[in-house]
Amino acid sequence: MIQKQGHWVPYELTGDRYRLQLMRLSRVLKEKRPLYAQRHDKVILLHDNARPYVAKPVKTYLETLKWEVLTHPLYSPDIAPSDFHLFRSMAHGLADRRFHSYEEAQKWIDSWIASKDMSFFRRGIHVLPE
80 MIQKQGHWVP YELTGDRYRL QLMRLSRVLK EKRPLYAQRH DKVILLHDNA RPYVAKPVKT
140 YLETLKWEVL THPLYSPDIA PSDFHLFRSM AHGLADRRFH SYEEAQKWID SWIASKDMSF
200 FRRGIHVLPE
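Now the structure itself:
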């Protein structure tokens with residue numbers, strides 16, 4: 080354990096440690112979701128520019144996996160991705176909801192989106208920050 084900013088944490092995340100986590104994630108995805116590769120061509124990650132995520136070993140390993148990395152915009156409290164109109168509203172519908180398969184989750188999302196009228200999406204676009 081090490082102390083960081085007054086809190087005890089198990090370890091400091093480094094590029095090498097994060098690469099090991101990605102290796103485990105890749106292995107577990109193959110073990111627990113063997114059909115994943117047939118249904119999807121890649122994994123998509125959302126990263127900010129923290130050192131562990133941009134470390135050379137991590138970038139190299141992600142390239143070998145052919146996983147896509149979306150860059151997270153620099154911190155800006157007015158545009159946190161989870162705060163957008165769509166996700167806030169969807170989160171309310173997801174409260175206490177559990178899915179037992181990928182297909183069940185996909186069906187729920189498709190149904191939820193279809194249940195919203197055009198004004199819902201228009202309103203969400205109008206409240207986006209400039």
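Per this note's numbering, numbering through the sequence shown is continuous, rising by one, with the last residue being 209. Backbone N, C-alpha and C define an ideal beta-carbon position, used for all residues, glycine too.
Identity of the residue in the options nearest residue i by Cα
i    : options                : result
T143 : Y115, L101, G203       : L101
K135 : F166, R202, R96        : R96
Y132 : R103, A193, H151, S105 : H151
T139 : W191, F199, G94        : G94
Reduced DSSP secondary structure (H/G/I, E/B, other) of residue i
i    : result
L173 : helix
Q84  : coil
L124 : strand
F199 : helix
H164 : helix
S180 : coil
S190 : helix
Integer-rounded CB distance, given that residue j should sit under 8 Å from residue i
i    : j    : result
L165 : G203 : 6 Å
A184 : F178 : 4 Å
L149 : L125 : 5 Å
K121 : W146 : 6 Å
L104 : Y115 : Contact doesn't hold; Cβ gap of about 12 Å is too wide.
Minimum Cβ-Cβ distance from residue i to chain D less than 8 Å
i    : result
I204 : Among the protein chains of the structure shown there is no chain D, as only one such chain exists.
Own chain partners of residue i with C-beta closer than 7 Å, once the 5 adjacent residues on each side are dropped
i    : result
S198 : none
message: Quick check for students: name the residue ranges of the beta strand (DSSP E) that lie wholly in the segment 126 to 156, counting only runs of 3 or more.
response: 147 to 150
- prompt: Which full runs of the alpha helix (DSSP H) of 4+ residues lie inside the segment 91 to 116, going along the chain?
  reply: 94 to 111
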